[in-house]
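As you go down the protein sequences, you meet chains S and E in turn.
Count the first sequence with my numbering and you get residues 4 to 164, in order.
Count the second sequence with my numbering and you get residues -9 to 214, in order.
Single-structure report; data block below.
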Amino acid sequence: MPVGSASWSFTEDDFGAITQSLQRFLHDSNARCALLVDRTGQLVATVGEQPKFDPTTFATLTAADFSANDQLAKLIGENDFNSLFHQGEKESMYLADVARRVILVVLFDNRTTLGLVRLKMKEVVVELSKLFDAVFSRGASGAAKPGLLAGADDEIDKLFQ
Amino acid sequence: MSMINYASREINCKIVYYGPGLGGKTTNLEHVYGKVTPDTRGKLISLATETERTLFFDFLPVDLGSIRGFKTRFHLYTVPGQVYYNASRKLILKGVDGIVFVGDSQMERMEANQEAMQNLYDNMAEYGYDLTKMPFIIQYNKRDLPNAAPIRDLQAAMNPGWEVTDPAKQRVTPDPYHSGENLVEQVDGAWIERAPYFEAVAVTGEGVFDTLKAVSKLVLKSLA
Chain S
4 MPVGSASWSF TEDDFGAITQ SLQRFLHDSN ARCALLVDRT GQLVATVGEQ
54 PKFDPTTFAT LTAADFSAND QLAKLIGEND FNSLFHQGEK ESMYLADVAR
104 RVILVVLFDN RTTLGLVRLK MKEVVVELSK LFDAVFSRGA SGAAKPGLLA
154 GADDEIDKLF Q
Chain E
-9 MSMINYASRE INCKIVYYGP GLGGKTTNLE HVYGKVTPDT RGKLISLATE
41 TERTLFFDFL PVDLGSIRGF KTRFHLYTVP GQVYYNASRK LILKGVDGIV
91 FVGDSQMERM EANQEAMQNL YDNMAEYGYD LTKMPFIIQY NKRDLPNAAP
141 IRDLQAAMNP GWEVTDPAKQ RVTPDPYHSG ENLVEQVDGA WIERAPYFEA
191 VAVTGEGVFD TLKAVSKLVL KSLA
C-alpha cells in the first residue's frame, strides 16, 4: 500500500451494519453510549445518547490512552491489553480492541454493572471484528473508491488560494 | 493513514509537527487556533507539564474546506520535543499522513535540530514509513532572532537532500515557493531531492499558514 494513499474507507452500508450492531449492544447492556475510534484517533461512529463533550477530542485521547497502554503492556511482557477499564464515581468507561485497528469505547453509569457490560462487550467485539476485517481487507486491495480525488488538482489548488 | 468516511462525507488526515524541544511546534498550533474562525476548528488540547512543556502531544482539528462534496478535516498534532520523551513521541507518528519539521534557526540549536531530524527518520522507519516518499515540509522557525543561522547552513544541516533513484523523477523540479531554487536537481552528478522549506516566526504567525497550506495540499494531492 503506497504511503499517503487512503488506507481505509467505509461505506454507508458498513456504517449501517456497525450502528445496528452497537444499538443492539447498548440495549442488551444498558450502557449509555458507544463510540468507535480508529487507532490514529479518528472518530468512526457514535451510537446511543449523544455525548455532551467534544467527541473529536475524546477520540484523540482514547487512541493515545490505548497506545500508551499498549507500550506499558509490552514493558511488562504482554503483547497488548485488549481492554481497559476506567472507573469514575458516577460514570465509567470500558475500552476494547476491535480487529487491532479500531477501539470500542463504552460509557456507562450505575444503571448497569461492569460485569454485564463486559459480558455483552465480548459478544459485540466478535461481531464488529468480522465487520471491520471485511472493511480492511477491501481497503487493502483497492483503498477508497478509485479516483475520489483523481483530477481534483485544480480544486485542491483553489482551496489554498 | 487518512480515513474516508462516505457516510458523513469526510476525509480525515493526520499531520504531525516534529522537531527539537522549544522549537515552536506548539506555537504553530496556537497561532492556527487563534486565527481560524471558531466554526472551522475544534478545541486545542494540550497534554503538557506544569511548566507548559509538551508531555504527550497537542492536538487541534481544523476544517480546510470541501472537495468533491467531502469535508477535508485535518488533525494537527505536535510531539514532545525533549529527547527524554521518545516513547510517547513515537506513538503520535502512528498513521501520519504528512510531517512538518519545525527547526530552530538559532545557531546553537543546530545539533538539537540534527538530532531531532535523525530521530524522526528513525521513528518513521520503525513504522515502515519512508519519509522521502510522503508529504514532508521543513519550517525554519525563529527567523527574527539575531543569532539565526543563514538558510543555506540550515538547509545543509537539516535538508541536504536524498538521492532520487527513480529515473522518471530525475528531472529538474523548481521549488514553487522560492524562485531560482529547485526541489529536484543534479548535484555532483547525482540526482537529489529536498523537502520544500519555509521561513517562519511562529510567535507572530509569519510563515505558519504557508507551512500548513503547503503540507495539507501535499497530503490531499497524495490521495488524488
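Idealized CB from N, CA, C, for every residue including glycine.
Residue-level contact check: residue 103 of chain E does not touch chain S, since none of the beta carbons of chain S fall below 8 angstroms from its beta carbon. Segment contact: the stretch 83 to 99 of chain S against the stretch 20 to 33 of chain S, fewer than three CB-CB distances shorter than 8 angstroms; contact not assigned. At a C-beta separation below 9 angstroms, residue 78 of chain E has these neighbours in chain S: 67, 70, 71, 74. Along the stretch -3 to 8 of chain E, the positions whose C-beta sits under 7 angstroms from a C-beta of chain S are -3, 2, 4, read in chain order. DSSP, reduced to helix, strand and coil, places residue 89 of chain E within a strand of the structure shown.
Residue state for residue 168 of chain E is assigned as coil, using DSSP reduced to three classes. DSSP, read as helix, strand or coil, puts residue 23 of chain E in helix. Residue 197 of chain E sits in coil when the DSSP states are folded into three classes, being neither helix nor strand. When Cβ-Cβ separations below 8 angstroms define contact, residue 45 of chain S makes contact with chain E.
Counting only the Cα atoms, residue 170 of chain E lies some 20 angstroms from residue 148 of chain E.
What residue 152 of chain S touches in chain E, judged by beta-carbon distance under 9 angstroms, is 1, 57, 58, 60, 210, 211, 213, 214, going in chain order. When the five nearest sequence neighbours on each side are left out, the beta carbons in the same chain lying within less than 6 angstroms of the beta carbon of residue 80 of chain E are those of 113, in order along the chain. Judged by beta-carbon spacing, residue 34 of chain E lies within the 8 angstroms limit of residue 50 of chain E, meaning their Cβ atoms are closer than that value. Burial is judged here by how many other beta carbons sit within 10 angstroms of a residue's own beta carbon; residue 75 of chain S has fewer than 16 and is exposed. Between the alpha carbons of residue 193 of chain E and residue 14 of chain E lies a gap of roughly 8 angstroms. With a threshold of 8 angstroms between beta carbons, residue 42 of chain S makes contact with chain E. Judged by pairs of C-beta atoms under 8 angstroms, the stretch 1 to 11 of chain E touches the stretch 74 to 93 of chain E, as three or more such pairs exist. Interface residue (Cβ-Cβ distance to chain E less than 8 angstroms): residue 60 of chain S is classified as such. The CB of residue 52 of chain S never comes closer than 8 angstroms to any CB in chain E; the least such distance is about 19 angstroms. Distances from the alpha-carbon of residue 129 of chain S to those of S:14, S:73, S:25 put S:25 closest. For residue 37 of chain S, the uninterrupted beta strand (DSSP E) run begins and ends at 36 to 41, by DSSP. Chain S places a beta carbon closer than 8 angstroms to that of residue 47 of chain E, counting this residue as a contact. Sequence-distant partners of residue 162 of chain E (beyond 5 residues in either direction) whose C-beta falls short of 8 angstroms from its own C-beta, in its chain, are 172, 174, 175, 176. Counted as a single uninterrupted DSSP element, the stretch harbouring residue 84 of chain E is not any beta strand (DSSP E), since DSSP gives it neither H nor E. Collapsing the DSSP output to three states places residue 9 of chain E in coil. DSSP places residue -9 of chain E outside both helix and strand once states are collapsed to three, so it counts as coil.
Under the DSSP assignment, residue 134 of chain E falls outside any alpha helix (DSSP H); it carries neither an H nor an E label. Taking 8 angstroms as the cut-off, the beta carbon of residue 91 of chain E is found no closer than this to the beta carbon of residue 68 of chain E. Per DSSP, the beta bridge partners of residue 153 of chain E are E:182. Using a C-beta cut-off of 8 angstroms, the stretch 62 to 78 of chain S makes contact with the stretch 39 to 54 of chain S, since at least three inter-stretch Cβ pairs fall below that distance.
A direct Cα-Cα distance of roughly 32 angstroms separates residue 209 of chain E from residue 85 of chain S.
If you draw a 10 Å sphere on the C-beta of residue 106 of chain E, you find 16 or more other C-beta atoms in it, and that means buried. Each residue's CA atom was taken as its position, placing residue 46 of chain S and residue 58 of chain S some 7 angstroms apart. Residue 142 of chain E and residue 122 of chain E have their C-alpha atoms some 20 angstroms from each other. At a cut-off of 8 angstroms, the C-beta of residue 24 of chain S has no neighbouring C-beta in chain E.
With respect to the 8 angstroms criterion, residue 5 of chain E and residue 205 of chain E are classified as neighbours on the basis of their beta carbons.
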